[in-house]
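Just so you know, we're using the working numbering here: the sequence shown kicks off at 534 and counts up by one.
Structure record follows, encoded as structure tokens.
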Amino acid sequence: MALSFRWSRALLLAALGAATASELQVPLIPQQSPSGAGNALGKPLVNTDDLQASIKIESLLERAKDLYKIAQKSEHEYSHPTRVIGSEGHAGTLEYIYSAIESLGGYYTLSEQPFPAVLGKVYESRLVIGHEVPESASPMSLTPPTAHKEPVYGNLILVANEGCDASDYPINVTGNVAFVLRGTCSFGTKSQLAGKAGAVAAVVYNYESGEVSGTLESPTPDHIATFGLSGKDAAPILSKLKAGEAIDSIAYIDAEVKQIQTTNIIAQTVEGDPDNCVMLGGHSDSVSEGPGINDDGSGSLTLLEVATQLTNFSVNNCVRFAWWAGEEEGLLGSDYYVDVLPEEENMKIRLFMDYDMMGSPNFAYQIYNATNAANPEGSEQLRDLYLDWYAAQGLNYTFIPFDGRSDYDAFIRNGIPGGGIATGAESIKTKEEETMFGGVAGDWYDPCYHQLCDDTGNVNSTAWLVNTKLVAHSVATFALSFDGFPERTKASMLSANEQPAKYHGHRLVW
534 MALSFRWSRA
544 LLLAALGAAT
554 ASELQVPLIP
564 QQSPSGAGNA
574 LGKPLVNTDD
584 LQASIKIESL
594 LERAKDLYKI
604 AQKSEHEYSH
614 PTRVIGSEGH
624 AGTLEYIYSA
634 IESLGGYYTL
644 SEQPFPAVLG
654 KVYESRLVIG
664 HEVPESASPM
674 SLTPPTAHKE
684 PVYGNLILVA
694 NEGCDASDYP
704 INVTGNVAFV
714 LRGTCSFGTK
724 SQLAGKAGAV
734 AAVVYNYESG
744 EVSGTLESPT
754 PDHIATFGLS
764 GKDAAPILSK
774 LKAGEAIDSI
784 AYIDAEVKQI
794 QTTNIIAQTV
804 EGDPDNCVML
814 GGHSDSVSEG
824 PGINDDGSGS
834 LTLLEVATQL
844 TNFSVNNCVR
854 FAWWAGEEEG
864 LLGSDYYVDV
874 LPEEENMKIR
884 LFMDYDMMGS
894 PNFAYQIYNA
904 TNAANPEGSE
914 QLRDLYLDWY
924 AAQGLNYTFI
934 PFDGRSDYDA
944 FIRNGIPGGG
954 IATGAESIKT
964 KEEETMFGGV
974 AGDWYDPCYH
984 QLCDDTGNVN
994 STAWLVNTKL
1004 VAHSVATFAL
1014 SFDGFPERTK
1024 ASMLSANEQP
1034 AKYHGHRLVW
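Laid out in structure tokens, this is it:
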């Protein structure tokens, strides 16, 4: 069984470093009610109108100010506010969430789930090809450094096909820099094969004109320093290589990849049918570059506010809130949670709802286009709940791909229906969307996405309030009843989609 606690806040931070190896391998399972916990007897049964009415923007904004102050705890180490895993800002975020739920008087069973996480940090990088420094060159996430964290030199060697087989790497790649086409297999596989072939670095170039911002995922001893390069920058280089011209290169990455411990936080209502749980989650961490008040402070604080207001009601079905750690490093917390979940516990989760970036400044009301044809049955019914709610409020909405970019990914890959809403990240708002939602066409939905300026001024209060009310509606609906919602079956769990997603978190995998 996973750890369940009623510890003091001071012990929370110690818990992150105190778990034994065996504790890290066991799933978190709903526990018995804490001793002395109250129940919701005498409280009205939850209804969506009253729960929505309890949501106030003033409370959300106050919480955002708290979160920014917590992010400032990391300034001595990072020289700016951040809540990246492993930082004081993230530890403070966990303590803040835990303390807030603990103060709710025993309405929830509160648990934490420590797990090992891989953290990568690139301090400096540079790629020179011939006499040019390609503008689009960027180091892959979780790339190791170049040898001795010094520049390495070698000719650029064109790898055959898409570099997914050891035979694609010519003998002369040893001691040189592998030039590999993106596609078919993961970036991590390409880096590993290039390393095994003796290359001193690798460059993965795009088959499209755009840039490649990817991740090597799980580190291996054979990974080598790896860059991504746009198809536009790669095209003239590729022409020269195919014509037999030799091109020299210099690659340099100063990076660190290390394993740390972090934790998920789970809160489940004491009341409600434990065999029929509605689950929802957001992530507690930010990227290292900034404080992450919109991404995903807005989602994690939405969950905290809805969890707080839900205590005024009783529920028929259990409600389970999750704050995932390590989302920005590749969905680490949600992956771990689902991976170690026993089959019988998996079956108790009727659906999972993902809430990431609820208040982008240049927002659109976005619904994941989760269909039953491509996802576990029930995903489409959840999608339709969102669109029906927006329509009832007289609000426009748009669909976005359900492509593995957030914490729903592990759930749908293990047979659990999923879905969610968002307000947009680094994609460009269209003219049509400007008409639908206001804002500025041609700009990012969130101009401060993954940047230092993702602070308290980077949330749109209107969008955040609207979407928090919708989150409250989704919770109230399923906490009351699953009537008409598809039943979970073992067959659906076993037939879950095993196709690799193009994205795993915000970074490309292949």
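C-beta atoms are modelled at their ideal positions from N, C-alpha and C, and glycine is treated no differently.
By the C-beta density criterion, residue 1006 is buried, having at least 16 other C-beta atoms within 10 angstroms. Among the bridge pairs identified by DSSP, residue 791 is matched with 652. Exclusion of the five residues before and after residue 871 leaves 943, 944 and 947 as the residues of its chain whose Cβ lies within less than 7 Å of its Cβ. Around the Cβ of residue 694, a 10 Å sphere holds fewer than 16 other Cβ atoms; the residue is exposed. Linking residue 856 to residue 709 through their CA atoms gives a straight-line distance of about 44 Å. Remark: C-beta atoms of residue 680 and residue 826 do not approach each other more closely than 8 Å. Taking C-beta atoms under 8 Å as the contact rule, residue 786 and residue 692 fail to qualify, at a distance of about 19 Å. In the displayed model, residue 742 falls within coil according to three-state DSSP, outside both helix and strand. Residue 769 sits in a helix when the DSSP states are folded into three classes.
According to the DSSP assignment, residue 856 belongs to the beta strand (DSSP E) that extends over 850-857. The beta-carbon distance between residue 1015 and residue 883, rounded to whole angstroms, is 6 Å. This is short enough to meet the 8 Å contact definition. In the three-state scheme derived from DSSP, where H, G and I count as helix and E and B as strand, residue 842 is classed as helix. Between the beta-carbon of residue 863 and that of residue 748 there is about 6 Å, and that keeps the pair under the 8 Å contact cut. Under a 10 Å Cβ-count criterion, residue 678 is classified as buried, with 16 or more other Cβ atoms of the shown protein chains found around its own Cβ. In the three-state scheme derived from DSSP, where H, G and I count as helix and E and B as strand, residue 992 is classed as coil.
Taking residue 701 as the centre and dropping the five residues before and after it, the same chain places the C-beta of 692, 693 and 694 closer than 6 Å to its C-beta, in chain order. Beta-bridge analysis with DSSP links residue 977 to 961. Residue 735 and residue 707 do not touch by the CB rule: their CB atoms are close to 13 Å apart, not below 8 Å. Here residue 961 is exposed, its C-beta having fewer than 16 other C-beta atoms within 10 Å. Out of 834, 622 and 795, the CA that lies nearest to the CA of residue 813 is found in 834.
Spatial neighbours of residue 963 in its own chain (CB-CB distance under 8 Å, excluding positions within 5 residues in sequence) are listed in chain order as 974. The continuous beta strand (DSSP E) containing residue 816 extends over residues 806-816.
The beta strand (DSSP E) runs lying completely inside the segment 609-673 and spanning 3 residues or more are 641-662, given in chain order.
DSSP places residue 879 in the uninterrupted alpha helix (DSSP H) bounded by 876-879. About 5 Å separates the beta carbons of residue 645 and residue 796, which is inside the 8 Å limit, making them a contact pair. Short of 6 Å from the beta carbon of residue 590, and not among the five residues preceding or following it, lie these beta carbons of its own chain, in chain order: 994 and 998.
DSSP places residue 734 within a strand segment (E or B) once states are collapsed to three.
Under the DSSP assignment, residue 685 falls outside any alpha helix (DSSP H), being part of the beta strand (DSSP E) whose first and last residues are 685-691. A direct Cα-Cα distance of roughly 4 Å separates residue 623 from residue 616. The bridge partners DSSP lists for residue 713 are 737. Straight-line spacing of the CA atoms in residue 889 and residue 715 works out to 28 Å. The C-alpha of residue 603 is placed about 22 Å away from the C-alpha of residue 643. Each residue's CA atom was taken as its position, placing residue 721 and residue 746 some 13 Å apart. Annotated three-state conformation of residue 938 is coil, per DSSP. Taking C-alpha positions only, residue 849 is separated from residue 935 by approximately 30 Å. Annotation: residue 881 to residue 939 spans about 22 Å, alpha carbon to alpha carbon.
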